[in-house]
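Notes for the one structure printed next.
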Amino acid sequence: MAMNGGRIVQLAQGVDDTRNRRDALGREELLRLLEVAEQRIESLRRNERLQLALYEIADLAGGSLDMQDMLRRIHAIVGELMYAENFYIVLYDESRQKVRFLYFVDKLDPYVNDPDAELDFDQAEATLTVTLLRGGVALRGPSRDLREQCGIPYLESNGPDSADWMGVPMLREDRVAGGIVVQSYERAGVYSEEERVLLAYVAQHILTALDRHHAREELEHRVEERTRELRKANLDLQAEVVERQRSQELQRALFRIAELSMTSETLERFYAEIHKVVGGLLYARNFYIAMLSADGSMLEFPYSVDERDAVRRSRRVAKGLTEYVLRTGKALLADRPRIAQLEAAGKVRSIGTLAYCWLGVPLLHDDQVVGVIAVQSYSSDIGFSGRDLELLTFVAYHIGSGLARKQAQDKLVVAHAGLEQRVSERTRELAEANAELVEQMGERLRAERKLTYQASHDALTGLPNRVQLLERLARTIAAARRDPNACFAVLFLDLDRFKLVNDSVGHAVGDELLVEAGRRIVGTVRGTDMVSRLGGDEYAILAEGLDGPAMAEELGLRVLSALGAPIWIAGRELFPTASIGIAMWHPRYDTGEEMLRDADAAMYRAKGTGRDRCTLFDEEMREEATRTLDLEADLRRAIHSDAFEPHYQSIVRIGDAAVVGHEALLRWRHDKHGLLAPGAFLDVGEDSGLIEQVDWLMYARVIADMARTDMPGYVAINVSPRHFRSPDFAYRLIDLLEEAEVSPSRLRIEITEVALLDDAPRISETLDMLRERGVLAQLDDFGTGFSALSYLHRFPIAALKVDRSFVADLDGEARTESVAVIRAITALAGSLGIELIAEGVETESQRERLIELGCVYAQGFLFGRPEPLP
C-alpha cells in the first residue's frame, strides 16, 4: 500500500513537470509572436513615414517655394527618416562635366557654398563625393575607411572626417545625375543597410522633385518671355494707333487752316483760330506770330498770347531769336543751353522774358521769308522735340499760304472801309490794353495772396509751417503770462526710420507718406489744436486748453495710434510709427523756440528708449541738455587753449614684443574733470562739428612729437569719416608733415569700416593719394562691420586691426566662433598681403593663442598702456 502511494506521488510529479514544460514552451512561442508582431508594426510605421515623406516631397515640387526653401523642407523631411544634421545635395551634368552643390548644411565643415556656382568636374580633387558621382554606387561607412578603400588622400580643404558617412547616387535613365550625402561626426554605425536603401529610394523621388521644380521654373520663364513679347507688340500697336491719330489730327488741322483763310472775318480772328489749331497739335500756351514790315526794318507782332510778356510791341529788327529765324530762313529749336550758346557766339540777344525752350519756324510767301510763327515754354517740365519742329514747319507752310489769301481779302476790305477799320482797331487796342491792365492788377493781387499763403504754409502738406507755428506760440505765451491757470503743450513728432522709406522706395513714396501722416494727425487732434509741419519728417502740435500733462500724453497716444495703422502707398503696405516729445508750458519759457527745443529733446529721448512712444520733457532732460551745452562750451574753450594731448600705446611684434609702431590716442586735459578719454566728449564733438578742429590740433601735436623724438616704427592717428568729405584733407595732412620735416612713411591713418560706406570714390582717391606720398592706411575694429570684405580689394589698406571683442574670447575655453573669425581674417590678410594687428591683448594666454593662429602684430595692456611722451 505504501509502495502504491509512492508511485502515485511520482506519477503526480511527472504530470506536473510535463505541464510546466508545456507552459514554458507556450510563453516562449507567445513572446516570439509578440516580437514578430512588433517588428511588423514598426515596419508598417516606417513605411507609413516613408510614404508620407514622399507625398510631402511631391507636394513641395509642385508648390511655389523657391529652390532653397524647398530644399530646406526636403532636408527636414529626410531628417525625420534618419539622422541628417549634416546633409548636402550635389548635381552632376555629365555632358558638360560640371558639378554644383545645390544644397549644403554641415555643422563642422566651414565650406561656404554658393548654390549657383558650377565647378569643373574633371578638375575636381579626389573626394568621396567625386568617387560617388563617378562610380554611381552608394558608399557607406567611416569616411577614413572609405578614403583608404578608394585611395583618396586626406586634405583639410575637403572638410573633417566623419564617424559614419553615407552617400547614394541619383540616377536619371541609368545615368548619374547627382548624389545625396548624410554624415555623423560623433557616432559610428549610425547608418545601416536599411538606411542606405531608404535614402536611395528617397533620392530618386528628390531627383524627380528637382526635375519638376526645374520644369516649372522653365515654364514660368517661357510665360514671362511670351508676356514681354505680347506687351511689346501691344506698345507697338498703340504707337501705331497714336501715329495714325496724329496724322488724322494734322490733316484736319490743314483743312481747318484752308477753311479759316476763306471764312475768318478779320486777320485777328484768323490768327486766334490758327492759335487754336496749333494748340491742338502741340503745347502752345505761349504763342505769337511775327511779321516783317513792308520795308523790312520793323518786326511786328500781329498776334501774341504769352504767360510772361502779355504785350509784345513792334520793334526794330535786332538780334532776337525771331530775327535769327528770319535771317537764316530755317526753323530753330533751342533750349536754355542752346540759347546761351548762341548768345555767347554773338548770334542772338535775348529780348523779353527768357524761355526755357523756344521753337520758331519761318512763314513763307512766294518762297520769301515774311514772318515767324513761334511757341515757347517757361517750365523745365515742358519742352519741344524734333517731331514738334517738323510738325510746326509743315503747318507753317500752309499757314503762310492761308495768311497770304487772308491778307489779300483784308486789303479789299480795308480799301472800302479804311477809316472805319482804323477807328475800330484803335477802339479794340484801347479795350485790349484796358483788359490787360485789369488782368495784370488781378494777377498781382493773386500773386500777393499766393506769396502770403506760401510764407506761412508747408508746400507739400498744406499745413502751417514753422513761421506760422511760432507766431501762434508767441501769442499763446503772451496770453499765458496774463492767465496763471493757463495750460498748453507743444508736441514734437518725428517719424521713425523715415530715411529708410526714402532710400528704399523713393522720395515720391516718402512724400505721399508725409502727406498721409499730416492728414492722420489733423484727423486725430481737436479742432482748436494747431498741426504744423516743421520740415522733413518733423511735425509739431500746439494743444491749448489742457487740464494737465496727462491730457497732453493722452493726445500723443491718440496720434501714435492713428499713425500706426497700415497704409498702402505705390503698391506697398507701410506701417509708420513715430516718436513724440512733449513740452508743457512753464513761465521760464520766453519764446516758442525754447518750447520746441525742449520738446525736440524729449522726442530724442523717446527714440532712444525704443521709438513709437511719447516722452514728457522733465528736469532731468533739462539738466542733461544743460550739461551738454556746458560740455560744448568747455570744448570750444579747450580748442582755443589747445588742451588736448596725444597718449601713445605701442604696437609690437607678438613673438618677441619688439615695438614696431604706436597708436596716438586722443586725451582732453579738462581743467575741472582731469584727463578725459574720447568717450566722454566725442558725441558732443560730432554733433557740434567741433571734432574736426580737435582732430587737427591732435594731428599737429602728434607730428610735432614725431619731429622732436625718435619713436621706433610708425605712429597711427585715428581719422573720422567726416574728414574724407573735405577735398583738401590729404593735402593738408601732407603739408603738416612737410612743415615739420617728418617722413610720410612714419605716419599711418586708422579708419573704420563705416568710413568705407560713406563716399567710396572720394575715399579711394584720398587713400591712393596718401599712399603715393608714403602715408599708409589701417582698418580699425575689423570684423564688427558688414562691408569691409567686399571693399578690401578696392581700397589701399596696409593693415587690419582685429577687434578686441574677438581677442577677449580667446581666454580659457576659447569660443569657436571667435577662433574661426580670427583664423579667417588671418588667411584673408595673408592672401592680400596685408598686416594683421590684434587689439586688446591683455593676458599671456591670449598672446599664445594668437601666435598659434598666425597673428604677427598685437596691441594691448599686456605690452603697454597709453602714455604721454616725457
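Per the working numbering, residue 1 is the first one in the sequence shown, and the count goes up by one each step. Virtual Cβ for every residue (Gly too), placed ideally from N, Cα, C.
Give me whichever residues DSSP pairs with Y714 in a beta bridge.
G661
Which two residues bound the contiguous alpha helix (DSSP H) that contains P549?
P549 to L563
If you pair each beta-carbon of the segment 488-498 with each one of the segment 588-603, do three or more pairs fall below 8 angstroms?
yes
Out of A707, F101 and I717, which one is the CA nearest neighbour of H662?
I717
By how many angstroms is the C-alpha of I57 removed from the C-alpha of I74?
6 angstroms
Alpha carbon of L342 to alpha carbon of S350, nearest angstrom:
10 angstroms
Beta-carbon spacing of V168, A126 below 9 angstroms:
In terms of Cβ geometry, V168 and A126 do not form a close pair [threshold 9 angstroms].
Going by C-alpha distance, which of F575, R558 and E265 is nearest P566?
F575
Looking at L321 and A334, is the spacing between their C-beta atoms short of 9 angstroms?
yes
Do the CB positions of I521 and M595 come within less than 9 angstroms of each other?
no
Any heavy atom of the ligand NAD closer than 8 angstroms to the Cβ of R605?
Summarising the ligand content, the structure contains no ligands, and the ligand NAD is consequently not present.
Tell me which residues share the same chain as R308 and place their Cβ nearer than 8 angstroms to its Cβ, disregarding the 5 neighbours each side in the sequence.
N286, G352, T353 and Y378
Considering only residues of the same chain and omitting the five flanking positions on each side of G840, which have a CB-CB separation below 7 angstroms?
Sequence-distant partners of G840 (beyond 5 residues in either direction) whose C-beta falls short of 7 angstroms from its own C-beta, in its chain, are R804, V807, A808 and G860.
Decide if the segment 741-750 is in contact with the segment 692-707; the criterion is three or more beta carbon pairs, one per stretch, under 8 angstroms apart.
yes
Just confirm the distance between the C-beta atoms of L403 and L363, as a whole number of angstroms; I'd bet it's less than 8 angstroms.
7 angstroms
On the CB-based measure, 16 or more other CB atoms within 10 Å of its CB, does S385 come out buried or exposed?
exposed
Separation of H673 from A838, as counted between CA atoms:
32 angstroms
Mapping DSSP to helix, strand and coil, what is A543?
Under the three-state reduction of DSSP output, A543 falls in the strand class.
Using DSSP with H/G/I as helix, E/B as strand and the rest coil, what is T615?
Strand at T615.
On a CA-only basis, which of A76, D109 and A562 is nearest G159? Give me that one, please.
D109
C-alpha gap between E867 and V659, whole angstroms:
Cα-Cα distance, rounded: 15 angstroms.
Within this structure, are the beta carbons of L332 and G360 separated by less than 9 angstroms?
yes
Since A798 and L776 should fall inside the 8 angstroms C-beta cutoff, what is the C-beta to C-beta distance between them, to a whole number of angstroms?
4 angstroms
Neighbour-count burial assignment, R143, 16 or more Cβ in a 10 Å radius
Checking the sequence shown, residue 143 turns out to be Ser, not Arg. With 16 or more other Cβ atoms within 10 Å, it is buried.
At what residue ranges does the segment 702-750 contain a whole run of the alpha helix (DSSP H), taking only runs of 4 or more?
729-740
Assigned secondary structure, R463 (DSSP; H/G/I helix, E/B strand, else coil)
Contrary to the premise, residue 463 reads as Leu rather than Arg in this sequence. Three-state DSSP puts L463 in coil, outside helix and strand.
Rounded C-alpha distance that separates L65 from E217
11 angstroms
State whether the segment 526-535 contacts the segment 460-469, with contact taken as three or more CB pairs (one from each stretch) at a distance under 8 angstroms.
Contact between the segment 526-535 and the segment 460-469 is established, with three or more Cβ pairs separated by less than 8 angstroms.
Note down the Cα distance separating F786 from D780, rounded to an integer number of angstroms.
Low confidence applies to F786: its pLDDT is 48, below 50, so where it sits in the model is not reliable, and the reading given next is rough at best. Taking the straight line from one Cα to the other gives about 13 angstroms.
Distance between P721 and D656 (C-alpha atoms, nearest Å)
34 angstroms
Contiguous alpha helix (DSSP H) assignments of at least 4 residues, all confined to the segment 95-165
Segments of the alpha helix (DSSP H) lying fully in the segment 95-165: 128-135 and 143-150.
Compare the C-alpha of L874 against each of Y111, L737, F782 and E432 and name the closest.
The structure shown does not extend to residue 874, since the chain is modelled only from 1 through 870, so no value can be given for it.
Helix, strand or coil for S787 per DSSP?
With a pLDDT of only 45 at S787, under 50, the local geometry of the prediction cannot be trusted, and the value read off the model is given with reservation. Correct three-state label for S787: coil.
Indicate whether V395 and M291 have their beta-carbon atoms separated by less than 9 angstroms.
No, they are not a contact pair.
Cβ contact (3+ pairs, closer than 8 angstroms) linking the segment 192-207 and the segment 77-96
yes
Would you decide whether M441 is buried or exposed? Buried here means 16 or more other CB atoms lie within 10 Å of its CB.
exposed
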